[in-house]
Structure formats: structure tokens, C-alpha cells
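0 is the number of the first residue of the sequence shown in numbering that gives the first Met the number 0; add one for each residue after it. For every residue, glycine included, the Cβ atom is placed at its ideal position computed from N, Cα and C. The structure presented is a predicted model; accordingly, all values stated were derived computationally and were not measured. Each remark here refers to the structure printed beneath this line.
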Amino acid sequence: MESVSSPQEVADSVAPAPSAAPARQHPHRLQGVLFQPIGDEGRAELVERRLVDAITRGHLRAGERLPSEAELARSLGVAPVTVREALLAIRERGLVVTRRGRNGGSFVAAHADPLSFARESVRSSSRVALRDLGAHYAAITGAGVRLAARRADASEAQQVRRRMERLDELDGESQRRLLDDVQIEIVALSQSARLTREQMKLQAEFSPYLRLVAHTSEDQRRQAAHLAAVVDAVGTADADAAGARTDTMVAEIIDALIQLQAHPRNG
């Protein structure tokens, strides 16, 4: 798993994170955003929902060990007993298994495949709901990239562009994670901590759908080409082009999801 700066660091600095050597002990930024404090709403149901989201969206992968109950309670800002209750509910749903012993703990079940969850979500959603999903993503992301084009320095955009040059060196899963990070980093160039945090949440929700429609390496390259064009538009301070390319990218993805819904065997 590629090591990148934490979600809080990105949101606070609103600057792109430099690439770093792989370090599997650090969570991916999209995983990290799912463990922001819940605060006063710290009910077991909300903790359960947060953890289920992390699993079904692929940010806690099959076989991966969850943080300890104490670590989760501290991160989420709830009592350990609340975390324990949420984990029990998730175990009953078959998404988590518990192992005893020195190397024990709670682990994501082997069959917890985020693509399966995304595919089921598409199957059970209406076209109106899918288009609404796209409209929400395009509205926030479009606002972020337009503001980035107005505020970013060209050298910052070039730094993000250089990260994309590594894409062909990575395997499919690492490519998807890099593209997700790049999208967040583009919005981070807006210098808006609020927009950056919101983009992290949206990217976590949208990422499994991006995987779902990227059937081939050509599909993945097309998504990458859209992002590269957005980065270039940000670098030349062309807010209209950055926003328009984002709208085009999202429209293509939603159209592909609707096609997958109509012809599920092609997915």
C-alpha cells in the first residue's frame, strides 16, 4: 500500500503530499478519513456504519486487521464498550472475523469484496439515484478544481502531474489508489480545508464505483487522462476547463454505471 500523508495533514496543509516509499503499516488516506471522530453522536450504530463503510468501500481490505478496540474508541471519540457493541454487530453480519491468541484481533472477512457491494448497490439503485450520486460528486469536485485553478501555483500542479507519471509502473489496485489520491490532491490545491475534507469523504464513497466501471486497463487510462487534463487546466489557471473536464469525467462514469445496471452480465 502506498504511503501518503494522513487525511488530517492534507486537510490542514491543503497542499499535495509528496510521494513516498511503500509502507504498509500506515493506512491509506481514504481509510483514515473513515476514522475521524464521531463526537457526541457516538452510538454503536454510527460506529458500525463507519466500519461497514470502510469495508464495503475497500479501504479495509479482505484479511486486513482492524485497529484494536481501544484504538478505535480513541480515534472515533467513543467509549470502548460502544466499539465492542459495533464489532459484535459487524461479526454477526459476517464482515469481520475474530481470532484469538498473540496475533489475534478482528480481521476483515475473506469474502468482503467491495466490488460486490458496489455492484449490488448499482443493481438496487434507481437511475435517478445514480444520477444524483454523480451530481453530488460533480458539484463538490467541480467546485474544488475550479477554486484550485484560481489559487494554485503552477509548480504545485506540476508536482501532482509528476505523481501521475508513475501510473504505468503500478499494478491495477495501486493505480486506483494513486488516482484517488491525485483527485484529492487536486482539490487540496484549492487551499480550502473544508472542500478537501469533503472530497476525501466523497472519494471514499465514489472509489468503488470507479473500480467497478474500469473493466480494462484502457478504462483506467481513460479515467487517468481525464484527471491529467484537470491537473493541466489547474496548472494553467483555466478554471472553466478544469470544471468542464471534471463534469465530463463524472458523466461518463455515471453513464457506465447505468449501462452496467441495464446489462449486469457485462460487469
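Residue interval of the beta strand (DSSP E) (run including residue i)
i, result
"Thr97", "Val95 to Arg98"
"Glu104", "Contrary to the premise, residue 104 reads as Gly rather than Glu in this sequence. Note, Gly104: beta strand (DSSP E), Gly104 to Val107."
Buried versus exposed, by CB contacts within 10 Å (16 or more), residue i
i, result
"His225", "buried"
"Ser206", "buried"
"Arg64", "exposed"
"Gly171", "exposed"
"His58", "buried"
"Gln157", "exposed"
"Thr97", "exposed"
"Asp239", "exposed"
"Thr81", "buried"
"Val230", "buried"
"Gly103", "exposed"
"Ala153", "exposed"
Residue i versus residue j - alpha carbon distance
i, j, result
"Thr195", "Glu44", "26 Å"
"Glu47", "Leu201", "19 Å"
"Arg210", "Arg101", "36 Å"
"Leu256", "Val212", "7 Å"
"Phe116", "Gln260", "14 Å"
"Ile89", "Val181", "32 Å"
"Leu50", "Tyr208", "19 Å"
"Ala250", "Gly133", "7 Å"
"Arg83", "Arg221", "43 Å"
"Glu184", "Arg118", "27 Å"
"Thr55", "Asp246", "26 Å"
"Ile252", "Leu71", "34 Å"
"Pro113", "Ile139", "24 Å"
"Glu155", "Leu188", "8 Å"
"Val159", "Pro79", "40 Å"
"Arg176", "Ala223", "12 Å"
"Tyr136", "Arg73", "30 Å"
"Ser124", "His262", "14 Å"
"Gly234", "Ser216", "26 Å"
"Gly93", "Leu178", "30 Å"
"Ala108", "Ser67", "16 Å"
"Arg149", "Gly141", "13 Å"
"Gly242", "Leu169", "28 Å"
Unbroken alpha helix (DSSP H) run spanning residue i, endpoints
i, result
"Gly133", "Arg126 to Arg150"
"Leu201", "Ala192 to Val212"
"Asp170", "Element bounds for Asp170: n/a, residue is neither H nor E."
"Ser287", "Look at the range of the chain in this structure, 0 to 266, and you will see that residue 287 is not part of it."
"Arg268", "Outside the displayed range of the chain (0 to 266) lies residue 268, so it cannot be described from this structure."
DSSP three-state assignment for residue i, whether helix, strand or coil
i, result
"Ser60", "The sequence given here has Arg at residue 60, not Ser. Of the three classes helix, strand and coil, the one that applies to Arg60 here is coil, per DSSP."
"Gly76", "coil"
"Arg244", "helix"
"His225", "helix"
"Asp237", "coil"
"Leu50", "helix"
"Thr55", "helix"
"Ser67", "coil"
"Ser216", "helix"
"Ala45", "Contrary to the premise, residue 45 reads as Leu rather than Ala in this sequence. Looking at Leu45 - three-state DSSP - the assignment turns out to be helix."
"Arg83", "helix"
"Leu188", "coil"
"Arg176", "helix"
"Arg90", "helix"
heavy atom of the ligand FMN below 7 Å from residue i C-beta
i, result
"Leu94", "The model depicted lacks the ligand FMN and carries no ligand whatsoever."
Beta carbon proximity, residue i to chain B, threshold 8 Å
i, result
"Arg73", "Checking the listed chains, one finds no chain B in this structure; it contains a single protein chain."
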